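Enquirer: Got a structure for you, questions after.
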Amino acid sequence: MKFLFDLLPVILFFIAYKLYGIYPAIVVMMVATVIQVGLTWLKQRKIEKMHLITLALVVVLGGATLVLQDKAFFMWKPTAVNWLFALAFLGSHFIGNRKTLVERMMSHAIEAPSVVWIRLNLGWVLFFLLMGLANLYVANFFFQANDALITAAGMEVDLENCASEMSGQLLQLCEQAKSSEAHWVDFKLYGMMGLTFLFVIAQAFYLARHMPHETEADQ
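In terms of the working numbering, the sequence shown opens at residue 27 and continues consecutively.
Rendered as structure tokens:
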């Protein structure tokens with residue numbers, strides 16, 4: 027349930043994008059994230075640092091996108107979030123009681139040797155780094171397609187009005203840019219969620235292999 031609650035702003039962004047386009051979807055995600063953090067504080071009287079970081083990036087980069095009408099700011103957001111998470115997980119090796127962030131979050135429920143927690147934590151660092159790169163890779167298809175469209179048209183183009191305002195090569199370039207934008211939105215929901223789910227499953231199998239076995243007497 028918590029997993030779905032954490033994903034709610036992304037799901038609402040996806041729905042709003044399919045119905046109204048990217049700029050209204052960004053507004054929806056900003057509002058949903060603010061409400062999500064507010065509800066978390068009302069319920070728990072505390073907010074995790076990662077949620078605050080996500081909120082700050084959504085508001086700052088989403089706001090910059092709306093003010094400047096430049097989608098690149100918002101498309102960089104998943105990379106910024108993932109790389110900040112990677113930095114936080116990596117920094118946990120050297121800050122505080124030297125317990126890794128993964129161990130701090132999970133050791134209350136699972137017992138495992140310290141070397142296992144270190145490997146898992148480094149695995150999350152690598153995962154977040156690769157997710158940030160994957161987001162840039164997918165978003166770059168849109169950046170290239172949109173740049174080609176702007177160059178051909180000689181001005182910024184509203185992708186929502188391709189069919190009514192353009193024809194010929196410009197229409198083809200506009201539709202290509204729009205398609206690349208939609209692929210990025212799909213990746214943001216399905217791709218990132220799916221990869222995270224697969225990584226969590228792999229982590230569970232790894233933990234199961236390395237947890238201390240109970241003795242027959244304990245059983």
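Positions of the beta carbon are idealized from the N, C-alpha and C atoms, including for glycine. As the structure is a prediction and not an experimental result, all values here were calculated from the model.
Measuring only the C-alpha atoms, how far is G194 from T91?
Expert: 29 Å
Enquirer: Measuring CB to CB, does V54 end up less than 8 Å from F39?
Expert: yes
Enquirer: Report the option in C188, A106, K69, T66 whose CA atom is closest to the CA atom of L83.
Expert: A106
Enquirer: Just to confirm, are F168 and M219 a CB contact at a threshold of 8 Å?
Expert: no
Enquirer: Counting Cβ pairs closer than 8 Å, one from the region 158 to 166 and one from the region 180 to 191, do we hit at least three?
Expert: No contact exists between the region 158 to 166 and the region 180 to 191.
Enquirer: Less than 8 Å between the C-beta atoms of F154 and N108, yes or no?
Expert: yes
Enquirer: Judging by CA-CA distance, which residue of W150, V85, D212, Q202 is the nearest neighbour of A114?
Expert: W150
Enquirer: What does the alpha-carbon distance come out to for the pair A234 and E137?
Expert: 10 Å
Enquirer: Helix, strand or coil for F111, going by three-state DSSP, please let me know.
Expert: helix
Enquirer: For K44, which of helix, strand or coil comes out of DSSP?
Expert: helix
Enquirer: For K69, name the three-state secondary structure that DSSP assigns.
Expert: helix
Enquirer: For a test of the three-state rule: what should DSSP assign to V183, helix, strand or coil?
Expert: coil
Enquirer: Thinking C-beta only, is M56 closer than 8 Å to F111?
Expert: no
Enquirer: Going straight from the alpha carbon of L146 to that of V128, what length do you get?
Expert: 7 Å
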